[in-house]
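For the sequence shown, my numbering assigns the number 396 to the initial residue and increments by one for each residue that follows. Comments concern the structure below.
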Amino acid sequence: MGCPTVFIRLTGCPLRCVYCDTEYAFQGGEWLSIDYIIREVSQYKTNYITVTGGEPLAQKNCLVLLDALCESGYEVSLETSGALRIQEVNSRVSRVVDVKTPASGEASKNLFDNFTELTANDQLKFVICDRADYDWSKAMIERFELNKRCDIWFSGSFAQIKPVDLAEWILQDQLNVRFQMQLHKLLWADEPGR
Numbered sequence: 396m397g398c399p400t401v402f403i404r405l406t407g408c409p410l411r412c413v414y415c416d417t418e419y420a421f422q423g424g425e426w427l428s429i430d431y432i433i434r435e436v437s438q439y440k441t442n443y444i445t446v447t448g449g450e451p452l453a454q455k456n457c458l459v460l461l462d463a464l465c466e467s468g469y470e471v472s473l474e475t476s477g478a479l480r481i482q483e484v485n486s487r488v489s490r491v492v493d494v495k496t497p498a499s500g501e502a503s504k505n506l507f508d509n510f511t512e513l514t515a516n517d518q519l520k521f522v523i524c525d526r527a528d529y530d531w532s533k534a535m536i537e538r539f540e541l542n543k544r545c546d547i548w549f550s551g552s553f554a555q556i557k558p559v560d561l562a563e564w565i566l567q568d569q570l571n572v573r574f575q576m577q578l579h580k581l582l583w584a585d586e587p588g589r
């Protein structure tokens with residue numbers, strides 16, 4: 396967090412989370428070749444690339460794009476909902492799996508089999524909307540022994556929960572998780588492309 400990163404946002408998502416802040420990525424966009432994308436990202440003086448969406452894995456060429464970015468020498472992360480299989484993602488890619496909590500409205504879409512594929516290179520993110528989400532997330536961490544697999548991040552849903560409340564719960568319970576705030580929202584609000 397905090398490193399200058401190029402974001403490649405792919406269009407389309409099979410989920411409709413109630414707190415989604417990228418509804419503009421549900422449709423539209425433009426077709427670009429992988430070579431073109433590689434040329435475009437090479438103009439930025441950073442080695443960090445994040446492929447996000449929507450749900451990037453819903454795009455049939457997402458895996459090819461991830462491979463090409465890795466082959467070009469970038470440090471690549473993939474932000475995914477966890478509703479689609481992550482097993483075939485290049486092992487050099489850091490998979491950031493956004494576990495859907497009950498208040499997201501999409502918890503039934505979680506593909507828990509993905510948890511067995513996680514490595515120390517990956518991250519799990521829980522977007523917390525309220526205390527019930529927090530308690531559910533704690534239970535998931537314990538049930539699947541997720542702390543043994545990868546880093547876990549708790550992020551408050553912007554404008555739905557006070558960051559200080561989430562931080563206090565984490566401290567009170569001495570959870571082994573990282574607290575995250577959406578830095579881009581603090582800096583640029585909802586400005587697309589930032």
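All C-beta atoms, glycine included, are put in the ideal place defined by N, C-alpha and C. Quantities reported herein were computed from a predicted structural model and do not represent experimental measurements.
- Partner residues in the beta bridge of residue 443, as assigned by DSSP, are 470.
- Under DSSP, residue 475 takes part in a beta bridge, and its partners are 492.
- By the CB criterion at 8 Å, residue 552 and residue 575 fall outside the cutoff.
- The alpha-carbon separation between residue 558 and residue 423 amounts to approximately 33 Å.
- When the Cα atoms are used, residue 541 and residue 510 turn out to be separated by approximately 8 Å.
- In the same chain as residue 463, and ignoring 5 residues on each side of it, the C-beta atoms closer than 7 Å to its own belong to 429 and 433, in chain order.
- The C-alpha of residue 436 lies about 19 Å from the C-alpha of residue 454.
- DSSP links residue 519 through a beta bridge to 492 and 547.
- Taking the C-beta atoms as reference points, residue 458 is found nearer than 8 Å to residue 484.
- Taking 8 Å as the cut-off, the beta carbon of residue 461 is found no closer than this to the beta carbon of residue 479.
- If you draw a straight line from the Cα of residue 566 to the Cα of residue 525, it comes to about 16 Å.
- Taking all protein chains in view, the Cβ of residue 408 is crowded by 16 or more other Cβ atoms within 10 Å, so the residue is classified as buried.
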